[in-house]
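Residue numbers (our numbering): 6 to 312. Take a look at the structure below.
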């Protein structure tokens, strides 16, 4: 196991370098941060040249990237155009989005897997058909439509929750945004669980467990569910980074100042240090989530061993 983890960590290095360079190239090569800094006013050529020199923008792109990566390894992600260090923006944004992601993942796992198991064990029956239709509707409706609808019903019309989230963003205020963020992924988890359960319920090991006289609940939880969760765990693991980076719509609807909000502001104002810094952290989250998923395979299926 230790060798496998070390090997996977080494494999992450070229992936991290390639991903961050691509992001850096798209942000800095396809836009002019100095022009964005001055807005509609054209900067004085001498002033623009001095700023480019101070920001290392007068060097070739590969030198800018090496300089930036050197700063990152020292814990310096640069400074936003408002003069605030990017690390301070991260310190305020990532905890909020992390709490939102935890809420979304909780509903995704509990509701999604439960519906998938119930539907898979009753394949072809009315319950199965209803779940499939419901998940198809959820997948088809855009997140911004679902978000504004639930915000209006629960927050404005019925007054059960706050329509917008306070700056502190406690867990109790993130329940509705978490559900909105998780809905599409929850539908995919349900369908994946349902398909996997329906396929494995006819497997030989399940028939053997039933023939031994084991209780149905134990057959489902100890044998069927563990082997059926591997594709589901794969999806959820990769979805963690997607939820954190894709929360822009949800955070805009509920006025949550998290990662999505900062990315939106950075893209809108062409604030290159903010965009590159936040996306770099999201790349690391993706890589670590994939490693965690691979390690969970051995927990779910004892037949899997890592050399």
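The beta-carbon is built from N, C-alpha and C at its ideal position, and this holds for glycine as well.
With 16 as the cutoff for other CB atoms within 10 Å, does residue i come out buried or exposed?
{"i": "residue 73", "result": "buried"}
{"i": "residue 199", "result": "buried"}
{"i": "residue 157", "result": "exposed"}
{"i": "residue 78", "result": "exposed"}
{"i": "residue 244", "result": "buried"}
{"i": "residue 267", "result": "buried"}
{"i": "residue 271", "result": "buried"}
{"i": "residue 96", "result": "exposed"}
{"i": "residue 145", "result": "exposed"}
{"i": "residue 150", "result": "exposed"}
{"i": "residue 278", "result": "buried"}
{"i": "residue 210", "result": "exposed"}
{"i": "residue 192", "result": "buried"}
{"i": "residue 196", "result": "buried"}
{"i": "residue 51", "result": "exposed"}
{"i": "residue 285", "result": "buried"}
{"i": "residue 213", "result": "exposed"}
{"i": "residue 204", "result": "exposed"}
{"i": "residue 275", "result": "buried"}
{"i": "residue 202", "result": "buried"}
{"i": "residue 287", "result": "buried"}
{"i": "residue 113", "result": "buried"}
{"i": "residue 316", "result": "Residue 316 cannot be examined here, being either before or after the span of the chain that is shown, 6 to 312."}
{"i": "residue 190", "result": "buried"}
{"i": "residue 27", "result": "exposed"}
{"i": "residue 237", "result": "buried"}
{"i": "residue 75", "result": "exposed"}
{"i": "residue 179", "result": "buried"}
Output the distance between the C-alpha atoms of residue i and residue j, rounded to the nearest integer angstrom.
{"i": "residue 302", "j": "residue 153", "result": "38 Å"}
{"i": "residue 217", "j": "residue 123", "result": "23 Å"}
{"i": "residue 242", "j": "residue 295", "result": "6 Å"}
{"i": "residue 182", "j": "residue 105", "result": "7 Å"}
{"i": "residue 259", "j": "residue 119", "result": "28 Å"}
{"i": "residue 100", "j": "residue 93", "result": "12 Å"}
{"i": "residue 227", "j": "residue 25", "result": "41 Å"}
{"i": "residue 207", "j": "residue 134", "result": "20 Å"}
{"i": "residue 70", "j": "residue 34", "result": "11 Å"}
{"i": "residue 219", "j": "residue 80", "result": "55 Å"}
{"i": "residue 14", "j": "residue 298", "result": "14 Å"}
{"i": "residue 163", "j": "residue 82", "result": "44 Å"}
{"i": "residue 222", "j": "residue 229", "result": "10 Å"}
{"i": "residue 168", "j": "residue 254", "result": "15 Å"}
{"i": "residue 9", "j": "residue 18", "result": "15 Å"}
{"i": "residue 265", "j": "residue 215", "result": "48 Å"}
{"i": "residue 300", "j": "residue 116", "result": "24 Å"}
{"i": "residue 137", "j": "residue 187", "result": "17 Å"}
{"i": "residue 281", "j": "residue 234", "result": "35 Å"}
{"i": "residue 126", "j": "residue 109", "result": "25 Å"}
{"i": "residue 55", "j": "residue 29", "result": "21 Å"}
{"i": "residue 239", "j": "residue 147", "result": "24 Å"}
{"i": "residue 16", "j": "residue 121", "result": "34 Å"}
Just checking my contact of residue i with residue j at CB under 8 Å: how many whole Å lie between their CB atoms?
{"i": "residue 292", "j": "residue 20", "result": "7 Å"}
{"i": "residue 166", "j": "residue 159", "result": "5 Å"}
{"i": "residue 256", "j": "residue 263", "result": "5 Å"}
{"i": "residue 155", "j": "residue 185", "result": "6 Å"}
{"i": "residue 91", "j": "residue 102", "result": "At roughly 15 Å, the Cβ-Cβ gap does not stay under 8 Å, so residue 91 and residue 102 are not in contact."}
{"i": "residue 107", "j": "residue 170", "result": "Actually they do not touch by this definition, with Cβ atoms about 15 Å apart."}
{"i": "residue 290", "j": "residue 249", "result": "6 Å"}
When you compare the CB of residue i with every CB in chain D, is at least one pair closer than 9 Å?
{"i": "residue 14", "result": "Going by chain labels, chain D is absent from the structure shown, which holds only one protein chain."}
What runs of the alpha helix (DSSP H), each 4 residues or longer, lie entirely inside the stretch 136-210?
Here the runs fully enclosed are 148-155 and 180-205.
Every unbroken alpha helix (DSSP H) inside the stretch 61-126 [4 residues or more]:
66-78 and 91-126
So within the stretch 211-287, which uninterrupted alpha helix (DSSP H) runs reach at least 4 residues, ignoring any that extend past its ends?
230-233, 235-250, 253-258 and 264-273
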